[in-house]
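Structure record follows, encoded as structure tokens.
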Amino acid sequence: MKNIVVLVSGGGTNLQALIDAEKSGIIKNGKITCVISSNPNAYALERAKNNDISTRIIPRKEYSDSVSYSHAILDALNEEKADLVVLAGFMTILDECVTKAYAYKIINVHPALIPSFCGEGFYGLRVHEAALAYGVKVSGATIHFVNEKADAGAIILQGTVNVENGDTPEILQKRIMENVEWKLLPKAVSLFCQDKIEIADGKAYVKE
Ligand code: GAR
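Taking numbering that gives the first Met the number 0, I'd label the letters of the sequence shown as residues 0 to 207.
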């Protein structure tokens, strides 16, 4: 059974999808053992507490830079004996002290089809604002491993939705969450926990 540590910053609907998937048996061979929040007021913390999952708060605001913050995260991950780290709406870019120590063991959900609308500055609603401003007709979400560059690690799964006339960033965000993020993130976590993701040449392949 793999220890899954989930990092959050906000509402935590993706965390909820993971909790529900663990309960219903969609996630095989993995258990959410700790939720770490960069934001003391994140509603995601309530979701963890409501489900008897231990929580830690490591406020981003208390650290002067990304390196010192990342070292604090690294210490916590080591203490929690994390086998898998999931960034579920975690709004801080982690320094390489974490990404190197947990290479191919950190999974992120990004609310666009990487390599579009990704990288530094593209997070949350801003991603959907950019997609609508460009006028794309299809968007979606990407589940990928995390490496030293923002949103540049090996892609595990992607899913799409149509962009409709009259969409607002909020409407598009909701459609992508409901149809893609909440389904594919638990799926990728389950695949990882069952050792069904293979890495070759820096790319990720799902083993059937
Ligand atoms: C989700 O849409 C997630 O994909 C996005 O923030 C939202 C968090 O919602 N993540 C990023 O933009 C990371 N670059 P949640 O807290 O309800 O899961």
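The beta-carbon is built from N, C-alpha and C at its ideal position, and this holds for glycine as well.
Among the options, which one has its Cα closest to the Cα of residue i?
i       : options                               : result
Asp-237 : Ser-63, Val-34 and Arg-59             : The structure shown does not extend to residue 237, since the chain spans only 0 to 207, so no value can be given for it.
Tyr-133 : Lys-186, Ile-106, Thr-167 and Phe-89  : Thr-167
Ala-87  : Asp-194, Asn-13, Ser-36 and Gly-29    : Asn-13
Asn-208 : Pro-114, Tyr-101 and Tyr-122          : An answer regarding residue 208 cannot be provided, because it is not within the stretch 0 to 207 covered by the chain.
Leu-17  : Asn-178, Ile-57 and Ala-187           : Ala-187
Gly-24  : Gly-9, Met-0 and Val-5                : Met-0
Gly-201 : Leu-190, Tyr-103, Gly-29 and Arg-174  : Tyr-103
Ala-153 : Val-108, Gly-165 and Lys-182          : Val-108
Gln-172 : Val-160, Asn-164, Lys-80 and Leu-6    : Val-160
Lys-30  : Pro-185, Arg-55 and Lys-195           : Pro-185
Ile-155 : Phe-191, Leu-73, Glu-163 and Asp-19   : Phe-191
Asp-194 : Lys-27, Thr-32, Ala-129 and Val-7     : Lys-27
His-143 : Ala-111, Gly-165, Glu-163 and Leu-131 : Ala-111
Ala-81  : Glu-61, Ser-65, Ile-106 and Glu-119   : Ile-106
Which residues share a DSSP beta bridge with residue i?
i       : result
Arg-55  : Ile-35
Ala-199 : Lys-202
Gln-157 : Thr-141
Asn-2   : Lys-30
Ile-113 : According to DSSP, Ile-113 bridges with nothing at all.
Ile-106 : Val-85 and Phe-144
Val-7   : Ser-36
Applying the 10 Å Cβ sphere with the 16-neighbour rule, what's the burial state of residue i?
i       : result
Met-176 : buried
Gly-11  : buried
Glu-45  : exposed
Tyr-204 : exposed
Glu-208 : Missing from the structure shown is residue 208; the chain here goes from 0 to 207 and no further.
Gly-141 : For the record, residue 141 in the displayed sequence is Thr; it is not Gly. Under this definition Thr-141 is a buried residue.
Glu-180 : buried
Ile-198 : exposed
Glu-21  : buried
Val-137 : exposed
Ser-37  : buried
Pro-58  : exposed
Leu-183 : buried
Pro-39  : exposed
Asp-150 : buried
Leu-124 : exposed
Ser-63  : exposed
Gly-139 : buried
Gly-9   : buried
Consider the Cβ of residue i: report whether some Cβ of chain B lies at a distance smaller than 9 angstroms.
i      : result
Gly-88 : Note that chain B does not occur in the displayed structure, where there is just one protein chain.
**OP:** Evaluate the contact criterion for the segment 90–109 versus the segment 54–69: three or more CB pairs, one atom per stretch, below 8 angstroms.
**Re:** yes
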